[in-house]
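K.L.:
If you count the sequence shown from 1, you need to add 1165 to reach the numbering used here.
Beta carbons: idealized from backbone N, C-alpha and C, even for Gly.
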Amino acid sequence: MTSRIALVTGATQGLGTALVAGLAQRMDATDTVYLTGRDAARVGAAVASLPASPGEVRGEVLDVADPESVTRLATELERRHGGVDIVVNNAVMRVGPDDDPRAIIDDYAQVNNFGTTRVLRAFAPLLRDGGRLIVVASSLGTLRFLAPALHDRFDGLSSLDAVDAATGDWCDQVRDGRARAGAWPGFVNIPSKIAQVAAVRALADQRRQSDADRGILVAAVCPGMMNTPTSALWWDVSDAPTPAQAAGPLLSLALDPIKPDHYGELIRDGAVLPWRPAA
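So this is what it looks like as structure tokens:
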């Protein structure tokens, strides 16, 4: 049996580290989980912090905001293993209540949005039969959280290039103040998450038949509210699940038998969240 290869981006803390730990615990001794992040020291510390597990955990530097970094690691994993079985794109730049969206939007989108499409472009071609490509998003990533006048900005996009163009236009409007004066939500996380889900949907539409034939899942997932320091800046999360607890449904999506209706959709706790508002 071919050894399984998994990769988690943004895995030096929180949910990312929990996903690596959970994957490694449910894998075999011949399998490998790559724990990645942009800082080598933090990657090494995160790997060292994990308990012993059946699957091997290996650290790799990966900065999703850097196109060369993404291409380099994808090329290297193809050379080492010939492909990958599970990719979870969890990398995120967090934003706080005191951050000025105009000042942070470029760095924010380079990680959260263009980083997502880079990972999709680089690793989707490496998926083996039965593989999973999962983007960690949010329940905010549906059109019901966007003004109807803006739905066509992200609805029905047919390619990752089209998603990038729509995202870039939104970023331009945030940067120059037009977004604040228009219908865009002030919380940049909303359009960002919608763009992430739109990217998953666009890639899935291109690959749907071939992935069905090969048993591959492409999906976005909402882990729900978690008790983390960043979430605590916005909400009372004292009773929210820990990252380790929130990782459970995501691990099921990555490892359990595929449900065909999950393909190309945003999933939360095993259920599909509708992309469009109810009529």
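For a cutoff of 7 Å on Cβ pairs, would you count valine 1253 as touching chain D?
P.N.:
The structure shown contains no chain D; it holds only a single protein chain.
K.L.:
Output the boundary residues of the beta strand (DSSP E) element that contains leucine 1200.
P.N.:
First-last of the beta strand (DSSP E) with leucine 1200: 1197-1202.
K.L.:
Would you report the Cα separation of tyrosine 1273 and alanine 1210, rounded to the nearest angstrom?
P.N.:
Each residue's Cα considered, the two are about 25 Å apart.
K.L.:
In angstroms with no decimal places, state the Cα-to-Cα distance between serine 1234 and isoleucine 1299.
P.N.:
Answer to the nearest angstrom: the Cα atoms are 19 Å apart.
K.L.:
Alpha carbon to alpha carbon, what distance is there between glutamine 1178 and arginine 1441?
P.N.:
For arginine 1441 and glutamine 1178, the distance between alpha carbons rounds to 32 Å.
K.L.:
From Leu1184, Arg1245 and Pro1414, pick the residue whose C-alpha is nearest to that of threonine 1201; which is it?
P.N.:
Nearest C-alpha to threonine 1201: Leu1184.
K.L.:
For the alpha helix (DSSP H) containing glycine 1381, name the first residue and the last one.
P.N.:
It should be pointed out that residue 1381 corresponds to isoleucine in this sequence rather than to glycine. Run containing isoleucine 1381: none; DSSP gives neither H nor E here.
K.L.:
Spatial neighbours of glycine 1380 within its chain, please: CB distance less than 7 Å, with the 5 preceding and 5 following residues excluded, ordered by chain position.
P.N.:
Contacts found: Asp1294, Gly1295 and Ile1423.
K.L.:
Compute the beta-carbon to beta-carbon distance between threonine 1197 and arginine 1223, rounded to the nearest angstrom, for a pair I have assumed lies under 8 Å.
P.N.:
At roughly 6 Å, the Cβ-Cβ gap stays under 8 Å, so threonine 1197 and arginine 1223 are in contact.
K.L.:
Please look up how many angstroms separate the CB atoms of alanine 1189 and serine 1218, rounded, as I've assumed it's under 8 Å.
P.N.:
The Cβ separation is near 4 Å, so the contact holds.
K.L.:
What is the DSSP secondary structure of isoleucine 1432, counted as helix, strand or coil?
P.N.:
Isoleucine 1432: strand per DSSP, three-state reduction.
K.L.:
If I measure Cβ to Cβ from arginine 1286 and keep anything under 7 Å in the same chain, skipping five residues before and after, which residues do I get?
P.N.:
Excluding positions up to five away in sequence, the list reads Leu1325.
K.L.:
Once you ignore the five residues that flank isoleucine 1355 on each side, which residues in its own chain have a CB closer than 6 Å to its CB?
P.N.:
Result list for isoleucine 1355: Leu1305 and Phe1310, in chain order.
K.L.:
Could you pull out every unbroken alpha helix (DSSP H) segment of at least 4 residues lying fully inside the region 1330-1355, listed in chain order?
P.N.:
Runs found: 1343-1346.
K.L.:
Which residues share a DSSP beta bridge with glycine 1224?
P.N.:
The partner list for glycine 1224 (beta bridge, DSSP) reads Leu1200.
K.L.:
So, using beta-carbon positions, are histidine 1427 and alanine 1384 closer together than 7 Å?
P.N.:
Their beta carbons are under 7 Å apart, which means histidine 1427 touches alanine 1384 by this criterion.
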